[in-house]
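full-length UniProt numbering applies: residue 1 is where the sequence shown begins, and numbers increase by one.
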Amino acid sequence: MATETLDGFDWRILAALQDDARMSNIALAERVLLSPSQCARRLQRLEEAGVIRGYAALLDPDRIGLSVAAYISITLEKHGAFTAEAFREAVQRHPEIVECCAVTGDADYELRVVAPDLKDLSRFIMDSLMRIDGVSAIRSRIVLDTIKDSRRLPLPPAP
């Protein structure tokens, strides 16, 4: 679904769900000024089109024992499709890696990793990341304080 096919009601639905994805269809319909049946149809269409990829609980990492976060830059030895695919598959096997992006610049990938403590983070880097075939360099940076942590996307104002 292209953005030009989204109308004001769709944008209002998306904004409302970013505020509270647990609201009932009735509450959502009231908020976006639609009938519950119209709202449910639009919501289903947004889900089927992949505009809404899913719903998730946002957990506090400190409260579940994951108080250390790090950004880790990965450089691969070779830039062939096989090496990149093998690395991407390896990343999927490690739940400590909560985000992985292919990037431009000195590194090939940027990872966001969480761990219970520095010892576990070090063990993960040494025992897991350094053993992935094709990895030639690893540079890590420990997060001291998270200033902003949002999955909310900027949306255009609904007409």
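Glycine included, C-beta positions come from ideal geometry on N, C-alpha and C. On a predicted model such as this, the values are computed, not experimentally measured, just so you know.
Compare the beta carbon distance of residue i and residue j with 8 Å and say whether it is the shorter of the two.
{"i": "residue 103", "j": "residue 72", "result": "no"}
{"i": "residue 136", "j": "residue 76", "result": "yes"}
{"i": "residue 86", "j": "residue 134", "result": "yes"}
{"i": "residue 116", "j": "residue 65", "result": "yes"}
{"i": "residue 74", "j": "residue 107", "result": "yes"}
{"i": "residue 9", "j": "residue 34", "result": "yes"}
Short of 7 Å in beta carbon distance, which residues of its chain neighbour residue i, apart from the five on each side in sequence? Order them along the chain.
{"i": "residue 242", "result": "Nothing can be reported for residue 242: it is not among the residues displayed for the chain, which extend from 1 to 159."}
Compare the Cα-Cα distances from residue i to each of the options and report the closest residue.
{"i": "residue 32", "options": "17, 92 and 109", "result": "17"}
{"i": "residue 111", "options": "118, 96, 123 and 120", "result": "96"}
{"i": "residue 58", "options": "120, 78, 158 and 149", "result": "149"}
{"i": "residue 90", "options": "143, 144 and 132", "result": "132"}
{"i": "residue 123", "options": "99, 94, 109 and 144", "result": "94"}
{"i": "residue 52", "options": "153, 157, 159 and 158", "result": "153"}
{"i": "residue 120", "options": "48, 157 and 142", "result": "142"}
{"i": "residue 158", "options": "5, 11 and 19", "result": "11"}
{"i": "residue 83", "options": "98, 109 and 56", "result": "109"}
Keeping to the same chain, check which residues put their C-beta closer than 8 Å to that of residue i; ignore five residues upstream and five downstream.
{"i": "residue 28", "result": "13, 16, 17, 39 and 43"}
{"i": "residue 67", "result": "61, 116 and 117"}
{"i": "residue 36", "result": "25, 26 and 29"}
{"i": "residue 147", "result": "none"}
Can you find the residues in the same chain that come closer than 6 Å, C-beta to C-beta, to residue i, ignoring five residues on each side of it along the sequence?
{"i": "residue 140", "result": "70 and 72"}
{"i": "residue 99", "result": "112"}
Q: Kindly provide the ranges of any alpha helix (DSSP H) runs that are 4 or more residues long and lie completely inside the UniProt domain "HTH asnC-type" (6-67), ordered along the chain.
A: Residue ranges of uninterrupted alpha helix (DSSP H) with 4 or more members, entirely inside the UniProt domain "HTH asnC-type" (6-67) and ordered along the chain, are 8-19, 25-32 and 36-48.
Q.
As an exercise, report each continuous alpha helix (DSSP H) stretch of at least 4 residues that is fully enclosed by the segment 74-116, in chain order.
A. For the segment 74-116, whole alpha helix (DSSP H) runs of length 4 or above, ordered along the chain, are 81-92.
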